[in-house]
Structures are given as structure tokens and as C-alpha cells.
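The structure appears below as C-alpha cells.
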Amino acid sequence: MMITEREGYEAMLYMLEYYFELTGSKDLTDILSGGEYIESGKPADPAFWEYWLEAIQKVKNNGELPLKTLK
680 MMITEREGYE
690 AMLYMLEYYF
700 ELTGSKDLTD
710 ILSGGEYIES
720 GKPADPAFWE
730 YWLEAIQKVK
740 NNGELPLKTL
750 K
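Residue numbering for the sequence shown follows our numbering, starting at 680 and increasing by one per position.
Quick look at the structure:
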């Protein structure tokens, strides 16, 4: 499945938001360590790949994340 650069960026935002909802972690090292490859194309955290695929589907199905108002 091909996605545009914009859709890729939106998928990243969906994935980060979902990861935060699941873990409550704001620590970037947690996110990066879970997503890095440890062996032949497999993320350290196997669920990470599923989060990514789900995020791509959300972008395809729902479009962009809603705009947030800064306070």
C-alpha cells in the first residue's frame, strides 16, 4: 500500500497518540527503542509494527487528525 508523505506524517501522529494512550509514557526513548530494529527487519517491540499498520489504516479511513486549538 502506497501512502503519500503527508499520510505518512499523519500516520506517525496517530501512532504516537495511540502509544501515549496505551502507555502514558512521554519518554521519547521508550518510543524509539520499541520501534528500532533488533534483527532482520523486526522491531524490538513486535506490537510496534501493528501500531504502525493501524495508524496507516486510520489515515486512509479517517483522514487527518483534527486540528487542536492552542491555549
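For glycine and all other residues, C-beta sits at the position ideal for the given N, C-alpha and C.
- For Gly687, the closest of Gly703, Glu729, Ala734 by C-alpha to C-alpha distance is Ala734.
- Tyr698 places its beta carbon 8 Å or farther from that of Lys737.
- For Ile710, the enclosing alpha helix (DSSP H) starts and ends at 707–714.
- Secondary structure at Lys750: coil, using DSSP grouped into helix, strand and coil.
- In the three-state reduction of the DSSP assignment, Glu718 falls in the strand class, which pools E and B.
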